[in-house]
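Under the working numbering, think of the first position of the sequence shown as 3, with each following residue one higher.
From the three backbone atoms N, C-alpha and C, an ideal C-beta is built for every residue, glycine too.
No experiment lies behind these values; they were computed from the predicted model shown.
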Amino acid sequence: MKIAGSTALVTGANRGFGRHLAAELLARGATVYAGARNPDTVDLPGAVPVRLDITDPASVAAAAELAGDVTLLVNNAGVSTGADLLDGDLAEIRRELETHYLGTLSVVRAFAPRIAANGGGTVLNILSALSWITFPQVGAYGAAKAAEWSMTNALRAQLADRGVRVAGLHVGYMDTDMAAHVTAPKSDPAEIARIAVDGIEADRYEIVADETSRQVLAGLSGGVAALYPALP
Numbered sequence: 003m004k005i006a007g008s009t010a011l012v013t014g015a016n017r018g019f020g021r022h023l024a025a026e027l028l029a030r031g032a033t034v035y036a037g038a039r040n041p042d043t044v045d046l047p048g049a050v051p052v053r054l055d056i057t058d059p060a061s062v063a064a065a066a067e068l069a070g071d072v073t074l075l076v077n078n079a080g081v082s083t084g085a086d087l088l089d090g091d092l093a094e095i096r097r098e099l100e101t102h103y104l105g106t107l108s109v110v111r112a113f114a115p116r117i118a119a120n121g122g123g124t125v126l127n128i129l130s131a132l133s134w135i136t137f138p139q140v141g142a143y144g145a146a147k148a149a150e151w152s153m154t155n156a157l158r159a160q161l162a163d164r165g166v167r168v169a170g171l172h173v174g175y176m177d178t179d180m181a182a183h184v185t186a187p188k189s190d191p192a193e194i195a196r197i198a199v200d201g202i203e204a205d206r207y208e209i210v211a212d213e214t215s216r217q218v219l220a221g222l223s224g225g226v227a228a229l230y231p232a233l234p
């Protein structure tokens, strides 16, 4: 896929990694719709703000009508509640699943037919190394991202013959507001955005963007013992 001349929609583009993705796409010559629940918070020069709450079906439908010329959809919008799987608020756990899984699916369902009608293109789902490995403190987030990864694989097969390529980006912690509390090493989101867009242009189905994700991917074949060596 060629980014120059394409038309992209990035969800959650008003801040953090989404803003970096939108900026990278603009720099490479794409027209960019910047989706945000409050479009007034979009401050990226050249981007077209679009009101979009991915958990609200009416909002998703309205965005699809407004941005019907899209050939590249980047599903970046997300939430991290920190809810504990055993003791946390079940409503918060549900909110993570409704955002990362059902919300993302809702956006794909609205835009995939339009991408196909526009001659084909790409859907990129922003996943995580936590799609493959998880820990108690991120149990809800990891479960939601694992579901989104499974969805990505299913949609990839289902949309392939319609001219819509579905890709997934796996990355560890990035230096954004969502990971502000994390003391572990974090990647530069601008660099990860560059890697992501390079992957789109190279037509990659799976974009493994950092060393953390590469190590986790390599450990998958080792099973539980390889991924969770601290278990008794």
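Item to check | Selected residue, minimal CA-CA separation from leucine 87, among Gly105, Gln217, Trp151 and Ala145 | outcome: By 1-based counting over the sequence shown, the position of residue 87 is 85. Checking every option, the nearest Cα to that of leucine 87 belongs to Ala145.
Next on the checklist: By DSSP's criteria, threonine 9 is part of a beta bridge. Which residues make up the other side?
Outcome noted: Taking the sequence shown and counting its residues from 1, the one referred to as residue 9 is at position 7. Threonine 9 pairs with Thr33.
Checklist entry - On the three-state DSSP scale, how would you describe methionine 153? => result Translated into the one-based positions of the sequence shown, residue 153 becomes position 151. Helix at methionine 153.
Checklist entry - Which one of Thr33, Gly18 and Ile128 has the shortest CA to CA distance from valine 173? => result Taking the first residue of the sequence shown as 1, we reach residue 173 at position 171. Taking only the C-alpha atoms, the option nearest valine 173 is Ile128.
Checklist entry - How is threonine 101 classed by DSSP in three states: helix, strand or coil? => result Mapped onto the sequence shown, residue 101 falls at position 99. Here threonine 101 sits in helix by DSSP.
Checklist entry - Per DSSP, what kind of secondary structure is leucine 1 in: helix, strand or coil? => result This structure cannot speak to residue 1, because the chain is shown only from 3 to 234.
Checklist entry - Assuming alanine 112 and valine 76 make a contact with CB atoms under 8 Å, what is their CB distance in whole Å? => result Numbered from 1 along the sequence shown, position 110 holds the residue referred to as residue 112. Numbered from 1 along the sequence shown, position 74 holds the residue referred to as residue 76. The pair is not a contact, with the Cβ atoms about 14 Å apart (cut-off 8 Å).
Item to check | Boundaries of the beta strand (DSSP E) in which glycine 123 is found, first to last residue | outcome: Position 121 of the sequence shown, counted from the first residue, corresponds to residue 123. Unbroken beta strand (DSSP E) run through glycine 123: 123–128.
Checklist entry - What's the C-alpha gap between aspartate 91 and alanine 220? => result Here residue 91 is taken as the residue at index 89 of the sequence shown, counted from 1. Here residue 220 is taken as the residue at index 218 of the sequence shown, counted from 1. Cα to Cα, aspartate 91 sits roughly 34 Å from alanine 220.
Checklist entry - In three-state terms, what does DSSP make of arginine 53? => result Within the sequence shown, residue 53 is the residue found at index 51, counting from 1. Note: arginine 53 maps to strand in three-state DSSP.
Next on the checklist: At 3 residues or longer, what runs of the beta strand (DSSP E) sit wholly inside the stretch 188–221?
Outcome noted: 208–210
Checklist entry - Going by other Cβ atoms of all chains shown within 10 Å of its Cβ, with 16 needed for buried, is glutamate 204 buried or exposed? => result For the purposes of this step, residue 204 is identified with residue 202 of the sequence shown, where counting begins at 1. Checking the sequence shown, residue 204 turns out to be alanine, not glutamate. Alanine 204 comes out exposed.
Checklist entry - Alpha carbon to alpha carbon, how far is isoleucine 197 from serine 82? => result For the purposes of this step, residue 197 is taken as residue 195 along the sequence shown, with counting starting at 1. For the purposes of this step, residue 82 is taken as residue 80 along the sequence shown, with counting starting at 1. Their backbone Cα atoms lie some 23 Å apart in a straight line.
Checklist entry - Less than 8 Å separating the beta-carbons of alanine 38 and glycine 18? => result Position 36 of the sequence shown, counting from 1, holds the residue named residue 38. Position 16 of the sequence shown, counting from 1, holds the residue named residue 18. Going by C-beta atoms, alanine 38 is not nearer than 8 Å to glycine 18.
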